[in-house]
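Novice: Protein chains in written order, with this note's numbering: chain A, 1 to 358; chain B, 359 to 716.
Built from N, CA and C at the ideal position, the CB exists for glycine as well.
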DNA sequence: TTCCTGATCTAAATCGTTTCAGTTGTGCTG
DNA sequence: CAGCACAACTGAAACGATTTAGATCAGGAA
């Protein structure tokens, strides 16, 4: 290897044009060029035109966003964290709709969403250039949540347990669940299956044991389960756990459940996606819905109207709006309050009284 | 709309701890503290421990990601641009699934997705700190696309016309459409309705005139329309335009279409979501599917299995993977090639021969 | 002793902006 | 003609890190 290069001071960066180059080409100061872009009132219209013109001809693409953010101390980016492979988030229409409503709420304020992937590794959370965080469905004791709070940035927790260092936005999960269970009871169902979402980050499937039920990590699951129990008093309940919020998964679990407990005549599903799986299972078994089997979902997705699914509606759009508002308040240095939004049972065509005999 | 400038004034940068503070507290240089985080082999284990310990006790939260990015010239962020209100993207399960598959493809490479909202304003595109762009479903002549290409960053175009300055990843839109149309023809349908996605960024609804059909801005719509026409030769075709990819919208347009053309016995929908609307319309009219009306969708969403919908499958996961791979190649300075992925008709239970008489 | 090597650690130069605090030069008032 | 407001522009200090090119020192070989 040759020991030393004669031209050691070669600029390694590809010939990137900066404010300085433009300023030099014009014989003005960099401050003036910067002002041409950011504060047109600080220089004469004529000079501004010349600056912009020169910049264009030099191939200058405008002030570097990164340098600007560093200097200004603001990025205009909100980090979104989801405590599961992020692909699941997109596979879940309810999550996608929520993200859509957040987007809607913040896009007029020059804010954008950065999706932080890979939950088992907290590095992205530690090294993301963001002004604030949204944490969606993280378990209360997760490393992820801890890493987020460690950043010390404004944080909004969605559908999670409250935390002193963050704002919490959620829905009345238990209330909606209670209504749903009550509805089945009112119709006369005595044996009711419950298709749960994940109870915690560790993926399990099958019947939920009482001790497992006692240590549920996700607030949503926990609350809905409590709601079901309080609304279905007097009935026999058969909760089963799923490991992914997907129709296929719902179908499999429901088939298992009905095989183990043929006396079940009603199904409470913690999501419309799982309810879709229940619908498939019923079709597979040749059961008529609702004559042979009643099914209730949760979320009220757009497709559920088409399925004529009885379900629990939740104000997804409102939720996004509240998250957005809270974020804006926190970023402006104001306080924001925890919010719990209402839910409501929507009775459609997948529920009826139980069959007299099977 | 006035340009949003929410945080013109930065918040008080009250006592933020930096590398320097930590270095001073220890009496070492900032380089050493930096090395403690980034290159542990550059200092003794003992000193490194002390640095980390001091940092912790001082409340230092680790190297600022922004400053690091500026210095390193890399952000680890990919900008995603969608040529419609971003909320629509989330409302469309196919788009959400695609985003999910991209996420999956890049998350092992320390890359994250930044969703750039508000398409009518190109500011976010101009001022986003990203290493590369993904453009999804933008019209060929849109300001948005131009703004993206102006940034001069690696760019992948998805479901769009090819462009010399970018890599294009797409599917065989026309092929799938042709198969679908052919299928209806083979079954004997003579009068076929076509429910189109948006033809261009300007929202229209209702019947598509021949001249409008000639100037379709979105490649997906254009290709599928061509495919339908080439597969349905000999039949009378009635294309109608929608302004949003949503079930409700599909229902409305189909009701209009069937009112205007009662002789229609088959429907080609450019998305499963629109096909869902068709299903609703049929129910509203008391028509039996497929006895009275055949319906074919496009995308093959998970819910379409439940609906038993005949539809055109597309390799969403593959698409995301290819986008991810191309991005990685471009970021590494390598070249990447345009890719067109196959599509395939999936026949389920919503298609049959036309009724003899109505 | 002298020189070389390797392990540690440091000084200083960036990275590309924004913005505070001036410095000019001009025209107007009193 | 002094005094002053004002418009137009500039210098230089941040912003918070990474990284290159040494400096220093101890130990071992020659």
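Less than 8 Å between the beta carbons of residue 440(A) and residue 461(B), yes or no?
Specialist: A question about residue 440(A) goes unanswered here, because the residues of chain A that appear run from 1 up to 358.
Novice: Let me know the alpha helix (DSSP H) ranges lying completely inside the region 478 to 551 of chain B, each 4 residues or longer, listed in chain order.
Specialist: Counting whole runs of 4 or more residues, the region 478 to 551 of chain B contains the alpha helix (DSSP H) stretches 481 to 484, 501 to 508, 531 to 545.
Novice: Could you spell out where the beta strand (DSSP E) holding residue 202(A) opens and where it closes?
Specialist: Careful: residue 202(A) lies outside any beta strand (DSSP E) and carries neither H nor E.
Novice: Give a yes or no on whether the minimum CB-CB distance between residue 457(B) and chain A is below 8 Å.
Specialist: True, the Cβ-Cβ gap to chain A drops below 8 Å.
Novice: Would a C-beta distance cut-off of 8 Å place residue 236(A) and residue 290(A) closer than the cut-off?
Specialist: No.
Novice: Going by C-alpha distance, which of 42(A), 337(A), 317(A) is nearest residue 326(A)?
Specialist: Of the candidates 42(A), 337(A), 317(A), the one whose C-alpha sits nearest the C-alpha of residue 326(A) is 337(A).
Novice: On the criterion of 16 or more Cβ atoms from any shown chain inside 10 Å, does residue 284(A) qualify as buried, or is it exposed?
Specialist: So residue 284(A) counts as exposed.
Novice: Classify residue 267(A) as helix, strand or coil using the three-state DSSP reduction.
Specialist: Correct three-state label for residue 267(A): strand.
Novice: Using only CA atoms, which one of 232(A), 322(A), 203(A) lies nearest to residue 218(A)?
Specialist: Answer by Cα proximity: 203(A).
Novice: DSSP puts residue 474(B) in a beta bridge; with which residues?
Specialist: Residue 474(B) is bridged to 439(B).
Novice: Note down, in chain order, each residue of its chain lying with its Cβ closer than 8 Å to the Cβ of residue 352(A), except the 5 sequence neighbours on either side.
Specialist: Excluding residues within five positions, the ones whose Cβ falls inside 8 Å are 187, 290, 291, 294.
Novice: Between which residues of its own chain and residue 304(A) is the CB-CB distance below 7 Å, once the five residues before and five after are set aside?
Specialist: Answer for residue 304(A): 272, 297, 311, listed in chain order.
Novice: Quick check on the burial criterion: 16 or more other C-beta atoms within 10 angstroms. Buried or exposed for residue 57(A)?
Specialist: That one is exposed.
Novice: When the Cα atoms are used, what is the spatial distance from residue 519(B) to residue 498(B)?
Specialist: Distance between the alpha carbons of residue 519(B) and residue 498(B) is about 7 Å.
Novice: From residue 357(A) to residue 261(A), what distance separates their C-alpha atoms?
Specialist: Low confidence applies to residue 357(A): its pLDDT is 47, below 50, so where it sits in the model is not reliable enough to give any reading.
Novice: Using the Cβ count rule (16 or more neighbours within 10 Å means buried), how would you classify residue 621(B)?
Specialist: Exposed.
Novice: Go to residue 464(B), then tell me how far its alpha helix (DSSP H) extends in each direction, as first and last residue.
Specialist: Residues 451 to 464.
Novice: Under the rule that 16 or more other beta-carbon atoms within 10 Å means buried, what is residue 603(B), buried or exposed?
Specialist: That one is buried.
Novice: Please decide whether residue 713(B) counts as near chain A, where near means a Cβ-Cβ distance under 8 Å.
Specialist: It does not: the Cβ of residue 713(B) has no partner Cβ on chain A nearer than 8 Å.
Novice: Within a Cβ cutoff of 8 Å, which residues of the same chain sit near residue 442(B), ignoring the five residues on either side of it in sequence?
Specialist: Only 477, 495, 556, 559 meet the Cβ criterion.
Novice: The alpha helix (DSSP H) spanning residue 34(A) covers which residue range?
Specialist: Unbroken alpha helix (DSSP H) run through residue 34(A): 30 to 38.
Novice: Residue 594(B) bridges to which residues according to DSSP?
Specialist: Its beta-bridge partners are 549(B).
Novice: Looking only at its own chain, which residues have a Cβ that is under 7 Å from the Cβ of residue 459(B), when we skip the five neighbours before and after it?
Specialist: Closer than 7 Å at Cβ, skipping near neighbours: 674, 675, 677, 678, 679.
Novice: Going by alpha carbons, who is nearest to residue 501(B) out of 440(B), 383(B), 420(B), 489(B)?
Specialist: Per the Cα distances, 440(B).
Novice: Find out if the Cβ-Cβ distance for the pair residue 614(B), residue 635(B) is shorter than 8 Å.
Specialist: No, they are not a contact pair.
Novice: Which residues in the same chain as residue 632(B) place their Cβ atom closer than 6 Å to its Cβ, once the five residues preceding and following it in sequence are excluded?
Specialist: 553, 608, listed in sequence order.
Novice: Compare the C-beta of residue 634(B) with all C-beta atoms of chain A and state if any pair is closer than 8 Å.
Specialist: Cβ-Cβ to chain A under 8 Å: yes for residue 634(B).
Novice: So what does residue 668(B) bridge to, in DSSP terms?
Specialist: Answer by DSSP bridge pairing, in chain order: 654(B).
Novice: Taking buried to mean at least 16 other C-beta atoms within 10 Å of its own C-beta, is residue 259(A) buried or exposed?
Specialist: Looking at its Cβ environment, which holds fewer than 16 other Cβ atoms inside 10 Å, residue 259(A) is exposed.
Novice: Please confirm if residue 427(B) has its CB atom under 8 Å from at least one CB of chain A.
Specialist: Closer than 8 Å to some Cβ of chain A, the Cβ of residue 427(B) qualifies, so yes.
Novice: In or out: residue 578(B) buried (at least 16 other Cβ within 10 Å) or exposed?
Specialist: The residue in question, residue 578(B), is buried, as its Cβ has 16 or more Cβ neighbours within 10 Å.
Novice: Would residue 465(B) count as contacting chain A if we go by Cβ distances under 8 Å?
Specialist: Yes, contact with chain A.
Novice: Just list the residues that DSSP pairs residue 340(A) with in beta bridges.
Specialist: Bridge partners of residue 340(A): 170(A).
Novice: Would the region 162 to 174 of chain A count as touching the region 205 to 214 of chain A if we require 3 or more Cβ pairs under 8 Å?
Specialist: Contact fails: fewer than three Cβ-Cβ distances are below 8 Å.
Novice: Just verifying my parser: in three-state terms, what is the DSSP assignment at residue 554(B)?
Specialist: Strand.
Novice: For a cutoff of 8 Å on Cβ pairs, would you count residue 35(A) as touching chain B?
Specialist: With 8 Å as the cut-off, residue 35(A) does not count as an interface residue toward chain B.
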